[in-house]
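Undergrad: Handing you this structure, nothing more for now.
2 protein chains.
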Amino acid sequence: MTATTDDGAAVVRGVNGVPSNLRKVQDDFIRKWGEMGQVWGINRTMAEIHALLYVTATPQCTDDVMERLHISRGNASMSLRALCDWGIIRRQHRRGERREYFESLSDVWEMFSIIAAERKRREMDPVLETIKQCRRDLDEAVLGKAANEPAVIATRERLDSMEEFMGLTNKIFQTFIGNAKSGLNKIVKVLLKSL
Amino acid sequence: MTATTDDGAAVVRGVNGVPSNLRKVQDDFIRKWGEMGQVWGINRTMAEIHALLYVTATPQCTDDVMERLHISRGNASMSLRALCDWGIIRRQHRRGERREYFESLSDVWEMFSIIAAERKRREMDPVLETIKQCRRDLDEAVLGKAANEPAVIATRERLDSMEEFMGLTNKIFQTFIGNAKSGLNKIVKVLLKSL
DNA sequence: CTATCATTTCAGTAGCGAATGAAAGGCTAA
DNA sequence: TTAGCCTTTCATTCGCTACTGAAATGATAG
Numbered sequence: 001m002t003a004t005t006d007d008g009a010a011v012v013r014g015v016n017g018v019p020s021n022l023r024k025v026q027d028d029f030i031r032k033w034g035e036m037g038q039v040w041g042i043n044r045t046m047a048e049i050h051a052l053l054y055v056t057a058t059p060q061c062t063d064d065v066m067e068r069l070h071i072s073r074g075n076a077s078m079s080l081r082a083l084c085d086w087g088i089i090r091r092q093h094r095r096g097e098r099r100e101y102f103e104s105l106s107d108v109w110e111m112f113s114i115i116a117a118e119r120k121r122r123e124m125d126p127v128l129e130t131i132k133q134c135r136r137d138l139d140e141a142v143l144g145k146a147a148n149e150p151a152v153i154a155t156r157e158r159l160d161s162m163e164e165f166m167g168l169t170n171k172i173f174q175t176f177i178g179n180a181k182s183g184l185n186k187i188v189k190v191l192l193k194s195l
Numbered sequence: 001m002t003a004t005t006d007d008g009a010a011v012v013r014g015v016n017g018v019p020s021n022l023r024k025v026q027d028d029f030i031r032k033w034g035e036m037g038q039v040w041g042i043n044r045t046m047a048e049i050h051a052l053l054y055v056t057a058t059p060q061c062t063d064d065v066m067e068r069l070h071i072s073r074g075n076a077s078m079s080l081r082a083l084c085d086w087g088i089i090r091r092q093h094r095r096g097e098r099r100e101y102f103e104s105l106s107d108v109w110e111m112f113s114i115i116a117a118e119r120k121r122r123e124m125d126p127v128l129e130t131i132k133q134c135r136r137d138l139d140e141a142v143l144g145k146a147a148n149e150p151a152v153i154a155t156r157e158r159l160d161s162m163e164e165f166m167g168l169t170n171k172i173f174q175t176f177i178g179n180a181k182s183g184l185n186k187i188v189k190v191l192l193k194s195l
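If you're matching them up, the sequences are chains F and B in order.
Anchor point for the first sequence: position 166 equals 166 in the numbering used here, and the numbering is continuous, going up by one each time.
Anchor point for the second sequence: position 116 equals 116 in the numbering used here, and the numbering is continuous, going up by one each time.
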């Protein structure tokens with residue numbers, strides 16, 4: 001524990017400034033990834049933990065994470081659990097050791113698919129459902145009479161456009177999600193060429 | 001002002017319950033769209049104002065917005081300005097009237113393109129830049145010696161995967177942004193068929 | 001069973017972005 | 001110029017989310 005603060009072998013065996021430089025590079029990545037978390041709908045700390053596990057490519061225990069990111073035990077515990085729930089990091093048991101280690105998925109495309117699937121389910125599906133419901137309510141409320149009120153027609157048109165848009169967007173997500181793992185990579189490349 | 005609280009004609013001319021039902025439908029949409037704002041990186045109030053202007057398809061002035069959404073004058077003013085800055089709503093002057101009206105863009109695909117472009121610029125570009133910088137720093141720091149440290153190799157591989165991913169994602173955004181307006185609609189439909 | 005070590009929970013706190021509302025600023029018409 | 005109307009600004013307040021740290025819980029070894 002004293003000798004191998006982090007990065008295991010590198011710290012011990014390095015003969016020049018490499019380890020500290022490696023650490024600096026990793027820290028830069030972690031900071032930026034944390035800022036970017038919002039884009040993914042993940043808070044800063046969770047994104048940083050994930051970045052740490054991803055970029056070091058080394059399983060780490062709770063204490064490693066706490067120490068390197070300067071966060072409390074409670075925070076580390078909850079964030080690690082949440083990341084496991086998302087499915088973008090995994091627990092790892094080791095023979096004869098009590099503490100648990102965590103490692104990131106290595107496939108970026110798979111991580112992306114997982115996150116996209118979850119966000120679609122949580123945020124897009126309900127909105128699409130609401131729009132459809134609004135559309136139904138509008139028809140019902142209007143039944144024949146006054147269906148030609150300009151205001152009603154305008155709202156109906158807007159709802160229809162939005163429903164079409166959300167429907168297509170949802171299908172795109174579906175396509176990506178359905179092709180998780182690195183396969184997506186190839187599909188996207190082909191797609192881009194065909195444009 | 002007393003007679004036409006909102007929705008102009010509909011309120012005055014409606015002969016049955018239509019106007020209030022229309023209003024309810026619109027309010028449902030507005031509420032849900034506000035919740036969804038986060039997905040787009042837009043706060044709740046801004047999203048609600050936009051939803052209001054979009055779904056009613058009727059230009060509204062600051063007071064209309066304040067009253068219908070129950071927000072303060074300051075909030076309305078700042079949010080409307082921000083939406084104008086984004087470019088997803090537009091100011092409208094009227095002859096002989098001092099107050100300004102605001103209306104939403106009507107093309108959903110255009111709105112999407114605008115938002116995507118802005119978010120790419122603000123959030124994805126800097127991250128991609130950081131990753132590239134990290135990659136350079138890593139090569140530099142290691143120059144020949146110790147370049148084969150397992151920890152260094154691992155981090156290098158991870159950074160490369162991420163860079164490739166972000167690069168492709170960026171290109172996809174670029175493609176969408178470059179095809180703003182309804183043209184996108186067709187492109188997406190074609191794409192989905194080809195999958 | 002007990003001691004030891006690790007994880008989880010949760011009440012309390014801190015920090016930050018969003019909202020308020022009143023005061024200041026601009027325009028337009030007369 | 002002045003009066004009236006509308007918009008913008010900004011110091012203050014509010015409310016929410018994330019974080020802490022200590023106590024409770026759980027697990028393993030002896």
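Where a beta carbon is used, it is the ideal one built from N, C-alpha and C, also for glycine.
If you measure beta-carbon to beta-carbon, which residues of the segment 150-161 of chain B are closer than 8 angstroms to chain F?
TA: Pro150, Ala151, Val152, Ala154, Thr155, Glu157, Arg158, Leu159, Ser161
Undergrad: 8 angstroms is my cut-off, CB to CB: does B:Ile198 come that close to chain F?
TA: The question about residue 198 of chain B has no answer, for chain B in this structure spans 1 to 195.
Undergrad: Shortest alpha-carbon distance to F:Glu97 belongs to which of F:Cys61, F:Phe173, F:Leu159?
TA: F:Cys61
Undergrad: Helix, strand or coil for B:Ser77, going by three-state DSSP, please let me know.
TA: helix
Undergrad: Just how far apart, CA to CA, sit B:Met78 and B:Tyr101?
TA: 14 angstroms
Undergrad: In three-state DSSP terms, what is B:Arg90?
TA: Strand at B:Arg90.
Undergrad: Look at the Cβ atom of F:Leu69, then the Cβ atom of F:Ile88, and state whether they are nearer than 8 angstroms.
TA: no
Undergrad: How would you label B:Gly178, buried or exposed, when you count the other beta carbons within 10 angstroms and need 16 or more for buried?
TA: exposed
Undergrad: Where B:Arg95 and B:Pro59 are concerned, what is the direct C-alpha to C-alpha distance, given to the nearest angstrom?
TA: 14 angstroms
Undergrad: Distance check for B:His93 and B:Arg99, CA to CA, integer angstroms please.
TA: The straight-line gap from Cα to Cα measures roughly 8 angstroms.
Undergrad: Find the residues of chain F that neighbour B:Met46, judging by a C-beta separation of less than 7 angstroms, and give them in chain order.
TA: Chain F residues near B:Met46: none, gap ~16 angstroms exceeds 7 angstroms.
Undergrad: Got a sec: which bits of the segment 21-49 of chain B sit with their beta carbon under 9 angstroms from any beta carbon on chain F, in order along the chain?
TA: Against chain F - using a Cβ distance shorter than 9 angstroms - the residues of the segment 21-49 of chain B are Asn21, Leu22, Lys24, Val25, Gln26, Asp28, Phe29, Arg31, Lys32, Trp33, Glu35, Met36, Gln38, Val39, Gly41.
Undergrad: Roughly how many angstroms separate the alpha carbons of F:Phe29 and F:Ile71, rounded to a whole number?
TA: 18 angstroms
Undergrad: On the three-state DSSP scale, how would you describe F:Glu100?
TA: The answer is coil: DSSP assigns F:Glu100 none of H, G, I, E or B.
Undergrad: Looking only at its own chain, which residues have a Cβ that is under 7 angstroms from the Cβ of B:Cys134, when we skip the five neighbours before and after it?
TA: Leu159
Undergrad: Quick check: B:Met162 and B:Met124, are their CB atoms within less than 8 angstroms of each other?
TA: no
Undergrad: Taking all protein chains shown into account, do 16 or more other C-beta atoms lie within 10 angstroms of the C-beta of B:Arg121, making it buried, or fewer, making it exposed?
TA: exposed
Undergrad: Would you mind telling me which residues of chain B sit closer than 8 angstroms to F:Tyr54, beta carbon to beta carbon, in chain order?
TA: Arg158, Met162
Undergrad: So, under 8 angstroms CB-CB, F:Val55 and F:Gln26 are touching, yes? Tell me the CB distance rounded to an integer number of Å.
TA: That pair is a contact at about 5 angstroms.
Undergrad: Using 8 angstroms as the limit for Cβ to Cβ distance, is B:Asp85 near chain F?
TA: no
Undergrad: From what residue to what residue does the alpha helix (DSSP H) around F:Thr155 run?
TA: Per DSSP, F:Thr155 belongs to the alpha helix (DSSP H) from 150-178.
Undergrad: Please name the residue, chosen from B:Thr130, B:Ala146, B:Thr175, that lies closest to B:Ile114 on a Cα-to-Cα basis.
TA: Residue nearest to B:Ile114 within the set B:Thr130, B:Ala146, B:Thr175 is B:Thr175 (criterion: CA-CA distance).
Undergrad: When we look at the beta-carbon of B:Met1 and count the other beta-carbons within 10 Å, is it buried (16 or more) or exposed?
TA: Low confidence applies to B:Met1: its pLDDT is 33, below 50, so where it sits in the model is not reliable, and the reading given next is rough at best. Classification of B:Met1: exposed, given that the 10 Å Cβ count is below 16.
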